[in-house]
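Numbering of the sequence shown is given in the working numbering, commencing with residue 944 and proceeding in unit increments.
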Amino acid sequence: MVEGFAQDAENYLILVRVTPGQPFTYYMGSAWDHGLDFATREAWETFVAGQNPEF
944 MVEGFAQDAE
954 NYLILVRVTP
964 GQPFTYYMGS
974 AWDHGLDFAT
984 REAWETFVAG
994 QNPEF
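Structure below.
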């Protein structure tokens, strides 16, 4: 279902084909055990829980 990739000033985008009026499931994850922002899974989950996406 992936049709392509794009980016804007702040995001990398994955373009997918969907059927209008039909539900689809999207899973996303992000973390790296050598990253500097989050030392533990719990720190990452706390950060994610505090976000309020506007979409």
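Here a beta-carbon is modelled for each residue, glycine too, at the ideal position from N, C-alpha and C.
The model shown is predicted, which means the values in this text are computed figures rather than measured ones.
Counting along the chain, F990 sits inside no beta strand (DSSP E); it lies in the alpha helix (DSSP H) bounded by residues R984 to A992. Distance from the CA of V961 to the CA of A992, rounded to the nearest whole angstrom, comes to 27 Å. F990 and F981 have their alpha carbons spaced roughly 9 Å apart. A straight line joining the alpha-carbon of A949 with that of M971 spans about 17 Å.
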